[in-house]
Amino acid sequence: MKIHVIKDLINEGQTSQALESIKHLKEEDFFVGEILKSKILIEENEFETARKLLIYILEISQTENNKVGEFTANSLLCLCLILQENVAEAQKFIQRGKHIINSMSGLEKEESEEFSGITSCNRGWVEIYVHILGESDDPTFKGELDLAIGYYNEAIRISKKHNNLPELARAFYGLGTAYQYKGEFGESLIYFQNSIDISQKRGHLLGVISANGSIGHNYLLQGKLDKSLHTYEKNLKIIELQNIKDAIDPIASFRVMGRIYFIKGNLEQALNFLKKGLNYANEFQITTEISCCLFNLILTSLESGMLDEATTYNNTLENLVEKNSMRIIKLRSKLANALILKSHKRAKYKIDAQRILESLIREKINTSELNVFSMFNLCTQQELTVFAMLNLTELLIAEFQQYGENEVLEEAEQLSNKIYTIAQDQKSQSLIVKTMILQTHYASIKGDFKKAETLLDQAYFITQEQGLEKLNNEVLKQREDFIGEVDRISMLAKQGASIFEREESSRLESYLTNTLAYLKDLETD
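Heads up: the sequence shown at position 380 corresponds to 554 in the numbering used here, and the numbers run straight through without jumps.
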């Protein structure tokens, strides 16, 4: 059996036959056969088995000073780490790969070109993860999406040259992901479909499922919740019908479906799917997904009035933080703690919650680098920080109601203005309208009725222009309420009532509550 025949079998998706053929290779081809076996194991998500085999290949290559073998094993080990979302370790392997390449002769570089395509793809994935997580152990990785796109295009060029269909599908998938995070959803969809076409041609269902899941995420980020839900449901049916046991993708599928059901107000279904997502994440030991599932379970448990369950999930999340120093996991844990404290009735707990939230909103949100912002997703550092801002604003309003200190109201107004700026920068029309409604009430409290009316008119225009039917009805309702309240608030102002007394006659808190409710019950715009 010749090596090129086995490569053809892998390209055609006949991995079982390829593995059997590897057993019958000649002794001089044994080494290459083991590398091909490790590639098949990675494609089938058998990461631990692949990792052990690759470490063995790496050690032999180093002993024999086989630079091509060392570089190849290093590239594939890095791929394993990326697929398990171990970004910090993957960065180290990429740097090692650079050193190996620099020590190669021209001929050795030529021999290893096919695997340099895998390295390019790996670099693209690390740039994307750094962009999402907002941190990097290696300063050479900036989290720049345009860099990632460049790496993927290089990987596509090399994969086409060597007719490496598995890597070509993976590179198209990565390219689609990069464009997704740039907010270029149409472009993203093209590359996801390219990846699906190759995977379908090869009969590689895991590849089809991965790309379909990312299309579902595309819809989620655009606020197309029903389309997103339908796509994820279709994916899960494929997994069930084909009896696929080794798919990682149900982790994200279950988590996102849980999030969508939370937004739609079906908390029982939300809990059900989030628990399934957590079970899968634990099975594959994907730490970032474990923390994301736990955070959403805490949110959903609190919304369901199940404080004990929320506390139990939070304890698990805190234990995870002790074992992992990733900033995004720490952020989720701190925010979860604040939300649990905020749910208590006693003032001392709310004060503690306020302190935590105040520390969280100091996280920098660089809107010039933020291309996609979705409160439906509520997963990235930026999304969590804005969510902290909204919750802190609610606590400040409660404090103002109790003590009547004007500076507290001013602080709340400043926060909502920040949220409004982010909404404008991100062109999040729903969030713009919601914050406009909130600003309308601040203006009403201060007696600036002209500004309040202008804000409502602007909000109405946006909902009409963007076809936001649900929000349009809400704005119309607020306009009716506003007209009825103007005379009352104006009378209080003439009587010399304080801002505090005027606030009590206003519906500021209910408006803020509605803004927070937007995160869970807004239907597809």
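No residue lacks a Cβ here, since even glycine has one placed at the ideal position from N, Cα and C.
Cβ shell of residue i (< 7 angstroms), same chain only, five flanking positions each side left out
i, result
"residue 551", "394, 395, 557"
"residue 253", "216, 292, 296"
Residue nearest to residue i in terms of C-alpha spacing, selected from the options
i, options, result
"residue 280", "299, 257, 241", "241"
"residue 372", "386, 359, 361, 632", "386"
"residue 388", "342, 416, 347", "347"
"residue 383", "607, 410, 312", "410"
"residue 258", "555, 311, 299, 407", "299"
"residue 378", "187, 576, 624, 649", "187"
"residue 314", "268, 562, 446", "268"
"residue 250", "228, 330, 238, 234", "228"
"residue 516", "494, 486, 572", "572"
"residue 585", "655, 535, 656", "535"
"residue 475", "433, 305, 497", "433"
"residue 532", "605, 562, 611, 498", "562"
"residue 605", "616, 324, 593, 615", "593"
"residue 613", "597, 591, 601", "591"
"residue 477", "425, 494, 176, 440", "440"
"residue 504", "203, 522, 559", "559"
Sequence-distant residues of the same chain with beta carbon closer than 6 angstroms to residue i, five excluded per side
i, result
"residue 506", "465, 469"
"residue 181", "none"
"residue 435", "443, 444"
"residue 617", "625, 626"
Spatial neighbours of residue i in its chain, beta-carbon cut-off 8 angstroms, leaving aside the 5 residues before and after
i, result
"residue 634", "646, 649, 650, 653"
"residue 309", "500, 501, 502"
"residue 193", "211, 214"
"residue 191", "183"
"residue 179", "195"
"residue 116", "This structure cannot speak to residue 116, because the chain is shown only from 175 to 699."
Span of the alpha helix (DSSP H) around residue i
i, result
"residue 401", "399-415"
"residue 273", "261-276"
"residue 233", "221-237"
"residue 181", "177-185"
"residue 486", "481-497"
"residue 391", "379-395"
"residue 431", "424-438"
Cα-Cα separation between residue i and residue j, rounded to whole angstroms
i, j, result
"residue 492", "residue 627", "46 angstroms"
"residue 370", "residue 381", "7 angstroms"
"residue 553", "residue 271", "31 angstroms"
"residue 566", "residue 224", "47 angstroms"
"residue 237", "residue 206", "16 angstroms"
"residue 239", "residue 366", "39 angstroms"
"residue 583", "residue 574", "6 angstroms"
"residue 453", "residue 414", "16 angstroms"
"residue 340", "residue 456", "27 angstroms"
"residue 518", "residue 480", "12 angstroms"
"residue 611", "residue 630", "7 angstroms"
"residue 602", "residue 232", "49 angstroms"
"residue 576", "residue 512", "20 angstroms"
"residue 264", "residue 301", "11 angstroms"
"residue 673", "residue 595", "Low local confidence applies: a pLDDT of 49 at residue 673 is under 50, so the model's placement there is unreliable, and no value is given."
"residue 336", "residue 291", "10 angstroms"
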